[in-house]
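Per mature numbering (1 follows the signal peptide of the UniProt record, and there is no 0), the sequence shown runs over residues -23 to -1, 1 to 393.
We put the CB at the ideal spot given by N, CA and C, even for glycine.
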Amino acid sequence: MSHINSLPMILFSLVLLLALADAATFDVVNQCTYPIWAAASPGGGQYLDPGQTWNFDVAPGTTMARIWGRTNCNFDANGQGQCETGDCNRMLQCQGYGSPPNTLAEFALNQPNNLDFLDISLVDGFNIPMDFSPTSGACRGIRCAANINGECPNELRVAGGCNNPSSIKPSTMSYTAKFLTTSLLFSLLFISTKAATFEIRNNCPYTVWAAASPGGGRRLERGQTWNLNVPAGTAMARIWGRTNCNFDGSGQGRCQTGDCTGGLECRGWGVPPNTLAEYALNQFGNLDFYDISLVDGFNIPIEFSPTSGGGQCKALLCTADINGQCPNELRAPGGCNNPCTVFKTNEYCCTNGQGSCGATHFSRFFKERCPTSYSYPQDDPSSTFTCPGGTNYRVIFCPLGSPRFPLEMVGEKSAE
C-alpha cells in the first residue's frame, strides 16, 4: 500500500554543487515525512530516513545521468528486494534506470561551452515532489511540487504514483501531466515540435521481439517492419531486440535476452545482454543525440541510421561476430554479457562516483569490434552523435553484412 498519495507534499530535494573541471557534488536530501530509497545513475542507491542526506560526486563529462526516489521498498541484508515505485532491477545499489513511475532529476555535466544541463522530467511519470537546485553559480533552481498523485488522470493512476502515458499517443492527458509541474521551461518544448518516426526492421533469419522505451513492443518475423512515432523532447530512450521469447495470449511471458518485466509491451528497460539503440530528441541546440550502446552487452547485430536530416548525420553499425568471439567470462545464453552485470564492481559499473571510470580489457573487446559504439558507461567522446531535431531514423536488426549466427547462438525457438 502506498504512503505517497495521502501524505503532504513535502519535497524530496536535490542540491547540485556545480563544478567546472572537477567532479560535481550532489547533496540528496529527504524532506519527506516517510523513508526514501534514493537512487542515482551513476551513483547507486542509499536509504534515507526523513531529514537524512546522501552526498556523492559525479565525474565531469558525465551524460544521460539521473537521480530519483524509490518508495515502499523492502531489501534483504544483501541489498536484494523490490520497490513499489522507481525499482531498479530489484537492487538497493542501482546499476540501471528505475521503473516508472518516478520523478527524475536529469543532468549532463561539462557539455558544449563547458555548461552543465539539468532538468526535472515527468516523461517516466511522477512519484515524489522534487526540488533540483544548484548551490553555486548564477543558476536557476527548478521544482515540481504540485499534487500530481492526487490529481492524476484515472488512466494513469498506479500504486504509489502517476504513471507516464508512453504507451498512449500524445493527447490532452499527456499534456495534463506536463503542466502540473511548475518547470514550464522544460515542458513547453514538447508542444512546439513534431514527433520523430522510427522504422524498426527485422532482417535476421529468426524472429525478433522488438522493444522500445517509450513505445512498447512488437513481434517481427524476418522482413517485417514496425513504425513508431516518438514525441519531440523525449530523452533517455532506447530500442532493442529480444530473442527466444514465449508470450501467451495476454502478452505475458519471458525472453532469453532483452526481457522487460515479462511483457510483450515493454514498460521498462530490458535485461542484459542486449544491443541498444539509444537516443534523446530535440535536446540542447534543438539537436537529437543518438548512439549504439554495448554497455548492457550484445545480443543482435544492429544498424541505427538517420533517414533524414542531411549530410551531417552519421549511420551507425555494430555487426561484428561478438557472440561468437565473446570472452568466456561474459558468455550468456543468447548473447555476450556486460562485465558490470557479471562482476558488479565499480571498475566496470562506474557507480560510486569516485573519479573517472576508464576502459578495461572487456570494454576494449567491444570497442575493437564496434568502434562507434559505447563500450563502457563513460565512453562518450567517440560514441555520441547528433542530428538536427526533427530527423527520422531507422533501426535494423541484422543489417546487410551481419554474420549469420546459427539459431542456437541466439537461442531461437520455433514460432508458436
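Given this structure, state the Cα-to-Cα distance separating residue i from residue j, to the nearest angstrom.
i           : j           : result
residue 66  : residue 194 : 19 Å
residue 49  : residue 235 : 27 Å
residue 344 : residue 316 : 14 Å
residue 247 : residue 360 : 21 Å
residue 186 : residue 218 : 6 Å
residue 325 : residue 32  : 22 Å
residue 279 : residue 201 : 15 Å
residue 215 : residue 7   : 30 Å
residue 341 : residue 261 : 30 Å
residue 146 : residue 378 : Summary for residue 146: the model assigns pLDDT 40, below 50, so the residue's position carries little reliability, and this model does not support an answer.
residue 267 : residue 173 : 13 Å
residue 188 : residue 109 : 31 Å
residue 118 : residue 1   : 16 Å
residue 254 : residue 4   : 32 Å
residue 296 : residue 311 : 16 Å
residue 244 : residue 351 : 24 Å
residue 229 : residue 242 : 9 Å
residue 367 : residue 257 : 11 Å
residue 156 : residue 362 : Only weak support is given to the placement of residue 156: the predicted model assigns it a pLDDT of 28, under 50, and the value that follows is read from those uncertain coordinates. Their backbone Cα atoms lie some 31 Å apart in a straight line.
residue 221 : residue 184 : 8 Å
residue 301 : residue 274 : 13 Å
residue 96  : residue 35  : 16 Å
residue 93  : residue 87  : 5 Å
residue 98  : residue 120 : 10 Å
residue 291 : residue 348 : 13 Å
residue 130 : residue 77  : 16 Å
residue 320 : residue 192 : 31 Å
residue 68  : residue 288 : 43 Å
residue 10  : residue 237 : 32 Å
Residue i: buried (16+ other C-beta within 10 angstroms of its C-beta) or exposed?
i           : result
residue 112 : exposed
residue 223 : exposed
residue 313 : buried
residue 227 : exposed
residue 178 : buried
residue 265 : buried
residue 28  : exposed
residue 54  : exposed
residue 90  : exposed
residue 322 : exposed
residue 233 : buried
residue 25  : buried
residue 369 : buried
residue 64  : buried
Is the beta carbon of residue i sitting closer than 7 Å to the one on residue j?
i           : j           : result
residue 102 : residue 71  : no
residue 205 : residue 175 : yes
residue 304 : residue 276 : no
residue 396 : residue 327 : Residue 396 lies beyond the residue range present for the chain, which begins at -23 and ends at 393; the question has no answer from this structure.
residue 365 : residue 286 : yes
residue 79  : residue 104 : yes
residue 371 : residue 252 : no
residue 46  : residue 17  : no
residue 281 : residue 293 : yes
residue 239 : residue 231 : yes
residue 375 : residue 116 : no
residue 263 : residue 210 : no
residue 136 : residue 61  : yes
residue 269 : residue 346 : no
Between residue i and chain C, is any beta-carbon pair separated by less than 7 Å?
i           : result
residue 216 : No chain C appears in this structure, which consists of one protein chain only.
Cβ-heavy atom distance between residue i and the ligand SAH below 6 Å?
i          : result
residue 89 : The ligand SAH is absent from the structure shown, which contains no ligands of any kind.
task = Determine contact between the stretch 123 to 142 and the stretch 334 to 342, defined as no fewer than three beta-carbon pairs at a distance below 8 Å.
result = Between the stretch 123 to 142 and the stretch 334 to 342, the count of Cβ pairs shorter than 8 Å is below three; the stretches do not touch.
request  = Please list the segments of the beta strand (DSSP E) lying wholly inside the stretch 34 to 86, counting only runs of 3 or more residues, in order along the chain.
outcome  = 42 to 52, 58 to 62, all fully within the stretch 34 to 86.
Whole runs of the beta strand (DSSP E) within the stretch 273 to 300, excluding any shorter than 3 residues = Entirely contained in the stretch 273 to 300, the beta strand (DSSP E) runs reaching 3 residues are, in chain order, 279 to 283, 293 to 295.
task = Could you tell me whether the stretch 29 to 48 touches the stretch 69 to 87, using the rule of 3 or more Cβ pairs below 8 Å?
result = Flag = yes, the stretch 29 to 48 and the stretch 69 to 87 touch.
task = At 3 residues or longer, and completely inside the stretch 251 to 276: list those beta strand (DSSP E) runs for me, N to C.
result = List check, beta strand (DSSP E) in window: 253 to 257, 264 to 270.
ask   = Can you give, in chain order, each stretch of the beta strand (DSSP E) that sits fully within the stretch 220 to 252 and has at least 3 residues?
value = Those beta strand (DSSP E) runs which fall completely within the stretch 220 to 252 and span 3+ residues are 230 to 234.
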